[in-house]
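**Q**
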Ligand code: SAH
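Residue numbers (UniProt numbering): 1 to 278.
What follows is the structure, given as structure tokens:
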């Protein structure tokens, strides 16, 4: 695959680390900068969420290092991953740190970047399409829609201890967030949903859970806040999954495109007027 002409594609200098987002899964959602990086890197340090079809675009002689959870074993400590990047760069290699989605969105890219800077290793950052936006789009759910929301909240359902994040002000989120998009929320979904409802959120609010978004086996579960965790269990939903809480989920009835589900609902929000007049 050749990169388009007329652009000075950056040269990957030895001793540099590039922190690159690979998008949510579909290889077509890679950026051209990510492709440029894959074609030059000597070593690629990647997560479990990076699709094998993407890794297949590495140089044939590039070394692939896996840094993530495998088979239920604990993941390498963040410090060890960051220091591995430093060490590889110091050996004069072109080090590609490839992460699912966007490296700076719940991806610890900030922490890894800080360690690199601390050790004087030069870096470049290539953003990626984050699962909380791109993954929803593949389910036919727009992150924003003028008839629904003028804001959106992204949150993680885990904190560093693995618990439902204690640092979050759930009352404020329930009151102030028009649409809530949750990463890593399956484990505590039950608790999170109850917390939101206790803080005044409508138990009937539409929820979509999108697993393996953008991949051939993407699965979308549409449910309601009060029964989301139970429905997810019944459907056997497994991570990785994005959970979207809000009325934008209803737009899927009109906009779902990946599975070609018919018939379409031309007024999923029940506004009783054509979209052009809004
Ligand atoms: N940096 C990534 C997020 C990493 S955290 C990004 O920007 O997308 C890992 C979490 O991301 C998963 O637990 C899940 O909530 C979400 N995620 C990543 N890829 C996904 C996919 N293809 N489908 C659904 N959720 C995904």
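Note that the Cβ used here is the ideal one computed from N, Cα and C, for glycine as well. As the structure is a prediction and not an experimental result, all values here were calculated from the model.
Can you say whether residue 328 is buried or exposed, counting buried as having 16 or more other CB atoms within 10 angstroms of its CB?
**A** Only positions 1 to 278 of the chain appear in this structure, which leaves residue 328 out of reach.
**Q** Should the segment 128–140 be regarded as contacting the segment 52–59, the criterion being three or more beta carbon pairs within less than 8 Å?
**A** Judged by Cβ distances under 8 Å, the segment 128–140 makes no contact with the segment 52–59, as fewer than three pairs qualify.
**Q** What would DSSP say about residue 127, mapped onto helix, strand or coil?
**A** If you number the chain shown from 1, residue 127 lands on position 127. Here residue 127 sits in coil by DSSP.
**Q** In chain order, what residues of the same chain have a beta carbon less than 7 Å from the beta carbon of residue 171, not counting five sequence neighbours either side?
**A** Residue mapping note: residue 171 aligns to position 171 of the chain shown, counting from 1. Hits under 7 Å: 199.
**Q** Taking its Cβ as the centre, do 16 or more other Cβ atoms sit within 10 Å of residue 47, making it buried, or is it exposed?
**A** To locate residue 47, count along the chain shown from 1; it is residue 47. With 16 or more other Cβ atoms within 10 Å, it is buried.
**Q** With H, G and I counted as helix, E and B as strand and the rest as coil, what does DSSP make of residue 180?
**A** The residue you call residue 180 lines up with position 180 of the chain shown. The answer is strand: DSSP assigns residue 180 an E or B state.
**Q** On the premise that residue 208 lies in contact with residue 148, defined as a C-beta separation below 8 Å, what is that separation, rounded to the nearest angstrom?
**A** Position 148 of the chain shown holds residue 148. Position 208 of the chain shown holds residue 208. About 13 Å separates the two Cβ atoms, so there is no contact after all.
**Q** Residues around the ligand SAH, please: the condition is that the C-beta lies closer than 7 Å to some non-hydrogen atom of it.
**A** Taken from the N-terminal end onward, the list reads 21, 24, 25, 49, 99, 100, 101, 102, 103, 105, 106, 107, 128, 130, 131, 132, 135, 183, 184, 185, 210, 211, 212, 213, 214, 215, 239, 240, 241 and 242.
**Q** Can you give the Cα-Cα distance for residue 62 and residue 94, rounded to whole angstroms?
**A** Looking up residue 62 in the chain shown gives position 62. Looking up residue 94 in the chain shown gives position 94. Whole-angstrom Cα-Cα distance: 10 Å.
**Q** With distances taken between CB atoms, is the gap from residue 103 to residue 19 smaller than 7 Å?
**A** Translated into the one-based positions of the chain shown, residue 103 becomes position 103. Translated into the one-based positions of the chain shown, residue 19 becomes position 19. For residue 103 and residue 19, yes; Cβs fall inside 7 Å.
**Q** DSSP on residue 141, reduced to helix/strand/coil?
**A** On the chain shown, position 141 is the one that residue 141 refers to. Correct three-state label for residue 141: coil.
**Q** Would residue 157 and residue 185 be called neighbours here (beta carbons separated by less than 7 Å)?
**A** In the chain shown, the residue the question calls residue 157 occupies position 157. In the chain shown, the residue the question calls residue 185 occupies position 185. Yes, the Cβ-Cβ distance between residue 157 and residue 185 is below 7 Å.
**Q** Could you tell me whether the segment 133–144 touches the segment 14–31, where touching means 3 or more Cβ pairs closer than 8 Å?
**A** Enough Cβ pairs lie closer than 8 Å, so yes.
**Q** Within 10 Å of its beta-carbon, does residue 222 have 16 or more other beta-carbons around it, so buried, or fewer, so exposed?
**A** For this step, residue 222 is matched to residue 222 along the chain shown. Its Cβ being crowded by 16 or more others within 10 Å, residue 222 is buried.
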